[in-house]
Amino acid sequence: MNARVSASAMREALTKPWMALQIFQGNNALSRVPEHYKKFYWEWKVAPKAPVHYIPEEGNFKKLPNGEIQPVQNLPLKLLQPKEIHEGIWGGEAIIKGFYKRKPYVRRMPHYWVPTLKKTVLYSEILDRYMNVTVTERTLNLIDENYGFDNYILNTPPADLMSELAVKLRREMLLSLAQGTLHPDNPAKRKELLNRFEKHIIPVEEAEWYGLNTKEAATKQKLIEEKASAPVPLKEAFRQEFIEYLKTNKVDMEEIKGEITER
Amino acid sequence: MLRSLAQGLAQLHLHSTGSALSRVAARTLPVQELEAVIPAGYFIQARTTFVLKRKKKVELHKTTGKMRPFRARHYLYEMVEDTNVRKKDPVKVILTKPVEGLGSVGDVVEVKPHRARNHLLLPGLAVYASPENLEKYSNLIETSEIKDQPSSPFALRTAEQLSTRVISLSMNMKNPWQVEPWHVRVAFRKAGIIVPEEALTLPAKPITGPDLDLQDKEFLVKVKINDKEEANVRCRINHYSVNPRERIPWKAFHWEHVAEPIFPEEAEELDALARKNRHTRFPEQEEATM
Numbered sequence: 000m001n002a003r004v005s006a007s008a009m010r011e012a013l014t015k016p017w018m019a020l021q022i023f024q025g026n027n028a029l030s031r032v033p034e035h036y037k038k039f040y041w042e043w044k045v046a047p048k049a050p051v052h053y054i055p056e057e058g059n060f061k062k063l064p065n066g067e068i069q070p071v072q073n074l075p076l077k078l079l080q081p082k083e084i085h086e087g088i089w090g091g092e093a094i095i096k097g098f099y100k101r102k103p104y105v106r107r108m109p110h111y112w113v114p115t116l117k118k119t120v121l122y123s124e125i126l127d128r129y130m131n132v133t134v135t136e137r138t139l140n141l142i143d144e145n146y147g148f149d150n151y152i153l154n155t156p157p158a159d160l161m162s163e164l165a166v167k168l169r170r171e172m173l174l175s176l177a178q179g180t181l182h183p184d185n186p187a188k189r190k191e192l193l194n195r196f197e198k199h200i201i202p203v204e205e206a207e208w209y210g211l212n213t214k215e216a217a218t219k220q221k222l223i224e225e226k227a228s229a230p231v232p233l234k235e236a237f238r239q240e241f242i243e244y245l246k247t248n249k250v251d252m253e254e255i256k257g258e259i260t261e262r
Numbered sequence: 000m001l002r003s004l005a006q007g008l009a010q011l012h013l014h015s016t017g018s019a020l021s022r023v024a025a026r027t028l029p030v031q032e033l034e035a036v037i038p039a040g041y042f043i044q045a046r047t048t049f050v051l052k053r054k055k056k057v058e059l060h061k062t063t064g065k066m067r068p069f070r071a072r073h074y075l076y077e078m079v080e081d082t083n084v085r086k087k088d089p090v091k092v093i094l095t096k097p098v099e100g101l102g103s104v105g106d107v108v109e110v111k112p113h114r115a116r117n118h119l120l121l122p123g124l125a126v127y128a129s130p131e132n133l134e135k136y137s138n139l140i141e142t143s144e145i146k147d148q149p150s151s152p153f154a155l156r157t158a159e160q161l162s163t164r165v166i167s168l169s170m171n172m173k174n175p176w177q178v179e180p181w182h183v184r185v186a187f188r189k190a191g192i193i194v195p196e197e198a199l200t201l202p203a204k205p206i207t208g209p210d211l212d213l214q215d216k217e218f219l220v221k222v223k224i225n226d227k228e229e230a231n232v233r234c235r236i237n238h239y240s241v242n243p244r245e246r247i248p249w250k251a252f253h254w255e256h257v258a259e260p261i262f263p264e265e266a267e268e269l270d271a272l273a274r275k276n277r278h279t280r281f282p283e284q285e286e287a288t289m
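Chains A and B, in that order, give the protein sequences. Per numbering that gives the first Met the number 0, the first sequence starts with residue 0, numbered consecutively. Per numbering that gives the first Met the number 0, the second sequence starts with residue 0, numbered consecutively.
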C-alpha cells in the first residue's frame with residue numbers, strides 16, 4: 000500500500016497539510032474555498048502552538064541514567080478555552096484543568112489554573128484606534144517585545160494569538176494595508192506605515208478571506224457562486240444576438256429607419 | 000527522516016480522519032518546511048503566568064496512529080513557576096516630549112513597564128526603543144524645537160520641593176548681627192539641605208538684630224539650582240540663646256503655621272508659597288475646624 004503513493008502526492012501531503020483537512024473534504028461550499036483560506040485555517044486551528052504553560056524538553060533523544068536511549072516526546076498540557084478567551088487577547092494563555100497533590104498520603108484535589116486578567120487600553124497605529132481590551136501580563140510583555148500592538152498582532156502566528164478578536168483585528172489590519180485605506184487624512188503617515196509593514200501586504204482577494212471562521216467562509220463561497228451562476232435575462236441575450244446579426248449582415252440603417260417611420 | 004515520512008504517509012491512508020492526519024503531518028514536517036509553513040516567530044518563546052509540570056510521566060506513544068487515552072494521573076500537575084510574581088523587566092523607550100523627573104526630548108530611558116505603557120507610550124510622550132526607532136530618532140536632540148530644556152531631569156522637582164520648605168534661622172539673642180549668606184547656608188544644612196553660598200541670594204535690604212520684633216517673621220531666599228532653575232524658599236528668624244533660661248519657648252510644628260513677612264512687598268509671594276504646601280494651617284481653617 001505504501002508503494003502506491005506517488006512522490007508528488009507524498010510531497011503535497013507533507014508540505015500542504017491543509018489540503019487534507021477533514022473539514023474541507025465534504026461535498027459542500029467549504030470544500031470549494033480557495034487554497035489560501037485553507038492554509039489560514041490550518042495555521043489558526045491545527046498548527047502546533049508555542050509552549051506557554053510548560054517547559055518543553057530539548058532535543059530529539061535523551062539518555063537515561065541506566066544508559067538506555069529514549070525519544071523525547073513533548074505533550075502539551077490540555078487547555079480549556081472558554082468563550083471569554085475570544086472576547087479578549089490572552090496572549091496564548093488559557094485555563095488549565097487538572098489536579099494537585101500536596102502530600103503523599105492526601106487524595107489529589109481538582110484545581111483550575113486561571114490566568115490573571117486585566118483590562119487595559121491598547122493603541123493600534125494602523126487602525127488609528129484606542130481599544131479597551133481584556134489582556135494578561137503575557138500579552139503586554141509580548142507587545143513590548145514586538146515593539147507595538149500592530150507588530151504583535153501581525154507577526155504572531157494565528158494559533159498563538161488564540162483569540163477570535165485578535166484574528167479579526169489582524170484581518171482588519173491586513174485589509175487596510177492591502178487596500179491602502181489607512182489614515183485617510185494623513186498621507187505622510189500612511190506612506191510611512193505602508194513602508195514599515197511592507198512584508199504584510201498581501202493581495203486584496205486573500206485579505207478578504209483572511210480571518211473568517213468556517214461559517215463565514217462557507218457563506219462567502221456560496222454568495223460568490225450564486226453571483227457567478229445567476230441567470231442572464233433573455234432580453235440581454237437577444238440584444239447581443241441582434242447586434243451580432245447587424246454586424247454580420249451589414250444592414251443599411253437608413254432603410255430600416257424609413258420602414259419604421261412609414262408604419 | 001525518510002522513514003518517518005513514509006510512516007506518516009502510511010498513516011494518511013490508514014486513518015483518513017482530518018485531525019489525526021494533520022497532527023501526523025505537523026509532526027513529520029522537516030524543519031525547513033515547517034519554517035516555510037509556520038512563520039519564524041513561532042520558535043520564540045516568552046514565558047509568563049503559571050508554568051506547570053506533570054507529576055507522572057506520560058508513557059511513550061507511537062509517532063503515528065491514535066494516541067492512548069490520558070488517565071487521571073496525567074492531569075496531576077505540579078507548579079514550576081508563577082511568573083506573575085517575578086520581578087518585571089524595565090522597558091526601554093525614547094522620549095519624544097520632555098517628561099518632568101525623567102528626561103528631555105531624545106533621551107533613551109528605562110522605566111517600569113506600567114509607567115512606560117500607560118504614562119509614556121499611550122499619551123504619545125515616548126516611543127519604543129526598537130532598532131528602527133533608535134535610527135529614526137537619533138537626531139531628535141539636535142532638531143528639537145524645545146531649546147529651553149531643564150538642566151537635569153530632577154532640577155524642576157528639586158525646585159518644587161525646596162519651595163515648600165520653611166527654614167528656621169537661629170540668630171543670637173545678645174550679640175548684634177546682620178543676616179549673611181553663611182547664616183542661611185548653616186540653617187539649610189541644619190534642615191538637611193547642603194547648599195553652596197554662591198547659590199544663595201538674600202533680600203536687597205539688610206536684616207539686622209537682635210530684634211525681637213523680627214521673631215517668627217519670614218523673608219524670601221532665592222536658591223539657584225545648577226546655575227539655571229531658581230527656587231524661592233521661606234526663611235524664618237528665631238532668636239536663640241545658649242542659656243536655657245533666656246531661650247524663647249519652642250513652638251511645636253511652627254513650620255505648619257503662617258508667619259508675618261519682614262518686608263511687606265514679599266507678603267504676596269510668601270502667602271502663595273505657604274498655600275503650595277498642603278500641610279500649612281491657616282488661621283481661618285483652624286476656626287472652621289473648632
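Every residue, glycine too, gets a C-beta built ideally from N, C-alpha and C. Nothing here was measured: the structure is a model prediction, and the numbers come from that model.
Are any of the Cβ atoms in chain A nearer than 8 Å to that of B:S151? no
Inter-stretch contact at 8 Å, needing at least 3 Cβ pairs: the stretch 264–279 of chain B / the stretch 205–216 of chain B: no
Could you work out which residue in B:C234, B:F69, B:L201, B:E141 is closest to B:E259 when comparing CA atoms only? B:C234
Could you check if A:S231 is buried or exposed, using at least 16 other CB atoms within 10 Å of its CB as the buried criterion? First, the residue type needs correcting, since residue 231 of chain A is Val and not Ser in the sequence shown. A:V231 should be labelled exposed.
Within 8 Å of any Cβ in chain A, is that where the Cβ of B:S18 sits? Note on B:S18: pLDDT 40, under 50, position unreliable in the model; no value is reported.
Could you please give the first and the last residue of the uninterrupted beta strand (DSSP E) stretch that includes A:Q69? 68–70
I need the straight-line Cα distance from A:P33 to B:P152, nearest angstrom please. 58 Å
Measure the alpha-carbon distance for A:Y122 versus A:Y151 and round it to whole angstroms. 12 Å
Just to confirm, is the Cβ distance from A:V71 to A:K61 under 8 Å? yes
Given A:N73 as reference, the closest of A:W89, A:P47, A:K82, A:K37 once Cα atoms are compared: The shortest Cα separation from A:N73 among A:W89, A:P47, A:K82, A:K37 belongs to A:P47.
How far does the beta strand (DSSP E) with A:F98 in it extend, from its first residue to its last? Per DSSP, the continuous beta strand (DSSP E) segment holding A:F98 begins and ends at 94–99.
A:K37, buried or exposed, once every other Cβ within 10 Å from all chains shown has been counted against 16: When all chains shown are included, A:K37 counts as buried.
Using the DSSP secondary-structure output, state which residues sit across from A:P109 in a beta bridge. A:F98
Note the first and the last residue of the continuous alpha helix (DSSP H) segment covering B:F187. 180–189
What does a CB cutoff of less than 6 Å around B:V178 pick up in its chain, not counting 5 residues either side in sequence? I206
Does the Cβ of B:V98 have 16 or more other Cβ atoms within 10 Å, making it buried, or fewer, making it exposed? buried
Distance cutoff 8 Å, beta carbons only. Does A:Q69 sit that close to anything in chain B? yes
Can you tell me which of the three DSSP states A:L174 falls into? helix
Taking the beta carbon of B:N132 as the centre, do at least 16 other beta carbons fall within 10 Å, making it buried, or is it exposed? buried
Under DSSP, the beta strand (DSSP E) around B:A154 begins and ends at which residues? Segment 154–162 is the alpha helix (DSSP H) holding B:A154; no beta strand (DSSP E) there.
Taking 7 Å as the limit between beta carbons, can you name the residues of its chain near B:H256, skipping five residues before and five after? R280
Just to confirm the assignment, what range does the alpha helix (DSSP H) spanning A:Y151 have? 148–154
Own chain, CB closer than 6 Å to B:A230, minus 5 neighbours either side, in chain order: The residues A158, L161, S162, V222, in chain order, have a CB closer than 6 Å to that of B:A230 in the same chain once the five nearest residues on each side in sequence are set aside.
Pull up the distance between the alpha-carbon of A:T213 and that of A:E171, whole angstroms please. Approximately 18 Å between the Cα atoms of the pair.
Looking at the unbroken beta strand (DSSP E) that takes in B:L51, where does it start and where does it end? 49–53
From which residue to which residue does the beta strand (DSSP E) around A:N248 run? Segment 233–248 is the alpha helix (DSSP H) holding A:N248; no beta strand (DSSP E) there.
Could you check the C-alpha separation between A:K246 and A:K221 for me, to the nearest Å? 38 Å
If the cut is a Cβ gap below 8 Å, which residues of chain A does B:T48 touch? V51, H52, E92, P114, T115, T135, E136, R137
Amino acids of chain A, ordered along the chain, whose beta-carbon sits closer than 8 Å to that of B:P112: L139, N140, D143
Would you kindly check if the distance between the Cβ of B:I193 and the Cβ of B:Y136 is under 8 Å? no
In the DSSP assignment, what residue or residues form a beta bridge with B:P260? B:E217
Going by beta-carbon coordinates alone, are B:V84 and B:A115 separated by less than 8 Å? no
Quick one, are the C-beta atoms of A:P202 and A:E42 less than 8 Å apart? no
Three-way DSSP call (helix, strand, coil) for B:D81 in this model: In the three-state reduction of the DSSP assignment, B:D81 falls in the strand class, which pools E and B.
Does the stretch 132–140 of chain A come into contact with the stretch 75–89 of chain A, if we say contact requires no fewer than three beta-carbon pairs (one atom in each stretch) closer than 8 Å? Counting C-beta pairs closer than 8 Å gives three or more between the stretch 132–140 of chain A and the stretch 75–89 of chain A, which meets the contact rule.
Can you find a C-beta in chain A that's less than 8 Å from the C-beta of B:K204? Contact of B:K204 with chain A is not assigned, every C-beta pair being separated by 8 Å or more.
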